[in-house]
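Residue numbers (this note's numbering): 2 to 346. First comes the structure, then the notes that go with it.
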Ligand SMILES: NC(=O)c1ccc[n+]([C@@H]2O[C@H](COP(=O)([O-])OP(=O)(O)OC[C@H]3O[C@@H](n4cnc5c(N)ncnc54)[C@H](OP(=O)(O)O)[C@@H]3O)[C@@H](O)[C@H]2O)c1
């Protein structure tokens with residue numbers, strides 16, 4: 002009996018430690034949850050405020066410990082990275098919204114990126130760190146049509162360049178996600194998702210690569226299975242490539258009533274540019290070049306790494322089920338789906 006307990010204790014002790022920056026972000030939450038479920042790692046979830054509700058939610062998960070850290074404060078990162086074998090790092094361009102500026106600030110993100118990479122390098126030199134996974138953003142399908150690129154894209158690509166400059170490319174896997182499905186849950190009055198409307202930021206015929214944010218976690222789990230192969234590589238990751246019309250059709254097919262027609266609606270570019278200019282630039286960029294994930298090649302890698310991508314249909318269904326459970330309305334769950342989204346405005 003004692004022997005068994007000792008074995009269990011030893012197993013626990015040898016679990017590699019993974020630090021996750023911005024653990025309370027949408028990406029971070031997905032990564033922490035996915036890794037926690039594997040029961041193979043100890044996860045150091047880094048947040049600026051260990052008392053915030055999202056952080057507390059994480060602290061209740063198996064194998065997760067909360068650690069304070071701010072990407073703008075190198076000392077806090079240095080401390081948070083002590084003794085870790087793996088780091089998942091991401092950055093944010095988002096500061097408080099200001100008129101004539103919006104909330105996206107390129108330099109804010111670059112500063113975080115430089116702090117992050119410098120501290121990753123220091124941890125690597127100390128000798129225990131053996132894998133760094135950086136979350137960037139998908140590169141363009143047509144590089145000749147890249148300019149002008151949105152500031153919050155070029156900031157991430159500049160951080161990728163800094164990784165090379167610091168000589169830690171071979172330690173690093175760069176994951177480059179495309180737009181999240183979660184953006185369709187925007188709270189813009191008149192442009193929220195409902196039975197009849199599927200809102201998007203590009204034209205209805207534009208092919209648009211998208212991903213469920215939680216799938217970033219699946220990719221992290223996947224590349225950690227084969228570090229020798231995936232260190233030193235960059236992968237554009239996506240789950241779907243659909244036009245707006247096809248997305249609306251996916252929604253339509255899930256509706257119980259055939260009488261309701263789901264239409265894709267494009268949020269006028271002028272509204273987007275007034276609210277958040279860089280997102281307007283991003284919409285121009287998606288229409289001009291588009292994300293460059295190789296959907297065919299991704300299927301092979303997903304198979305190898307045991308990643309089952311979330312389809313848009315799965316994602317819409319999960320929203321529906323979650324909502325119908327909380328409202329106990331099983332007769333017309335789509336009504337409650339719409340109702341919830343209206344409330345979210
Ligand atoms: N939206 C999309 O479609 C999309 C697609 C691909 C990539 N991305 C990129 O993915 C990245 C992450 O986005 P997200 O949507 O997952 O983030 P998010 O949900 O907006 O979360 C932002 C988080 O960042 C943390 N944070 C803010 N400033 C910080 C700082 N100085 N140091 C440490 N943490 C800080 C905050 O956590 P605490 O307050 O707990 O510290 C907050 O939880 C962004 O760079 C975004 O551009 C977005």
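Glycine residues also receive a C-beta, built at the ideal position from the N, C-alpha and C atoms. Since this is a predicted model, take the numbers as computed values, not measurements.
On a CA-only basis, which of the options is nearest residue i? Give me that one, please.
{"i": "residue 244", "options": "229, 43, 17, 199", "result": "199"}
{"i": "residue 115", "options": "75, 314, 32", "result": "75"}
{"i": "residue 183", "options": "315, 23, 77, 72", "result": "315"}
{"i": "residue 122", "options": "82, 145, 148", "result": "82"}
{"i": "residue 44", "options": "21, 117, 119", "result": "21"}
{"i": "residue 92", "options": "46, 124, 194, 157", "result": "157"}
{"i": "residue 189", "options": "181, 179, 201, 196", "result": "201"}
{"i": "residue 160", "options": "177, 145, 146", "result": "177"}
{"i": "residue 26", "options": "214, 239, 228", "result": "214"}
{"i": "residue 317", "options": "48, 185, 16, 124", "result": "185"}
{"i": "residue 29", "options": "47, 15, 206, 138", "result": "47"}
{"i": "residue 196", "options": "261, 307, 271", "result": "261"}
{"i": "residue 147", "options": "298, 106, 313, 284", "result": "284"}
{"i": "residue 173", "options": "290, 57, 230, 70", "result": "230"}
{"i": "residue 234", "options": "311, 171, 205, 57", "result": "171"}
{"i": "residue 269", "options": "292, 290, 227, 192", "result": "192"}
Does residue i come out as helix, strand or coil in the three-state DSSP assignment?
{"i": "residue 336", "result": "In this prediction, residue 336 scores a pLDDT of 45, lower than 50, which makes its location untrustworthy; no coordinate-derived value is stated."}
{"i": "residue 211", "result": "strand"}
{"i": "residue 45", "result": "strand"}
{"i": "residue 35", "result": "helix"}
{"i": "residue 200", "result": "strand"}
{"i": "residue 239", "result": "coil"}
{"i": "residue 252", "result": "helix"}
{"i": "residue 102", "result": "coil"}
{"i": "residue 64", "result": "coil"}
{"i": "residue 89", "result": "strand"}
{"i": "residue 15", "result": "coil"}
{"i": "residue 262", "result": "coil"}
{"i": "residue 94", "result": "coil"}
{"i": "residue 20", "result": "strand"}
{"i": "residue 331", "result": "Here the model assigns residue 331 a pLDDT of 24, short of 50, so the residue's position is not dependable, and the following value carries that caveat. In the structure shown, residue 331 sits in coil (DSSP, three-state: anything other than H, G, I, E or B)."}
{"i": "residue 225", "result": "helix"}
(message) Please give me, in chain order, every unbroken run of the alpha helix (DSSP H) with length at least 4 that falls completely inside the region 107 to 190.
(response) Runs found: 107 to 127, 152 to 166.
(message) List, from N- to C-terminal side, the alpha helix (DSSP H) runs of 4 residues or more that fit wholly inside the region 267 to 315.
(response) Counting only runs that start and end inside the region 267 to 315, the alpha helix (DSSP H) elements of at least 4 residues fall at 270 to 276, 278 to 289, 296 to 305.
(request) Determine contact between the region 216 to 230 and the region 248 to 260, defined as no fewer than three beta-carbon pairs at a distance below 8 Å. (result) Counting Cβ pairs under 8 Å, fewer than three are found: no touch.
(message) Would you call the region 228 to 247 in contact with the region 203 to 216, where contact means no fewer than 3 C-beta pairs closer than 8 Å?
(response) The count of Cβ pairs closer than 8 Å, one atom from the region 228 to 247 and one from the region 203 to 216, reaches three, so the stretches are in contact.
(message) I'd like to know if the region 43 to 55 and the region 110 to 127 are in contact, where contact means that at least 3 CB-CB pairs between them fall below 8 Å.
(response) Judged by Cβ distances under 8 Å, the region 43 to 55 makes no contact with the region 110 to 127, as fewer than three pairs qualify.
(message) Counting beta carbon pairs with one atom in the region 113 to 133 and one in the region 81 to 97, are three or more of them shorter than 8 Å?
(response) Between the region 81 to 97 and the region 113 to 133, the count of C-beta pairs closer than 8 Å reaches three or more; the two stretches touch.
(message) I want to know whether the region 300 to 314 touches the region 223 to 236 - three or more CB-CB distances under 8 Å.
(response) Because the criterion of three Cβ pairs below 8 Å is met, the region 300 to 314 and the region 223 to 236 touch.
(request) Examine the Cβ distances between the region 263 to 277 and the region 160 to 169 and report whether three or more of them are shorter than 8 Å. (result) Flag = no, the region 263 to 277 and the region 160 to 169 do not touch.
(message) Does the contact criterion of 3 or more C-beta pairs under 8 Å hold for the region 32 to 47 versus the region 62 to 72?
(response) Pairwise C-beta distances place the region 32 to 47 in contact with the region 62 to 72, as three or more of them are shorter than 8 Å.
(message) Closer than 8 Å is the cut-off here; do at least three beta carbon pairs connect the region 150 to 162 with the region 277 to 291?
(response) Output reads yes: the region 277 to 291 touches the region 150 to 162.
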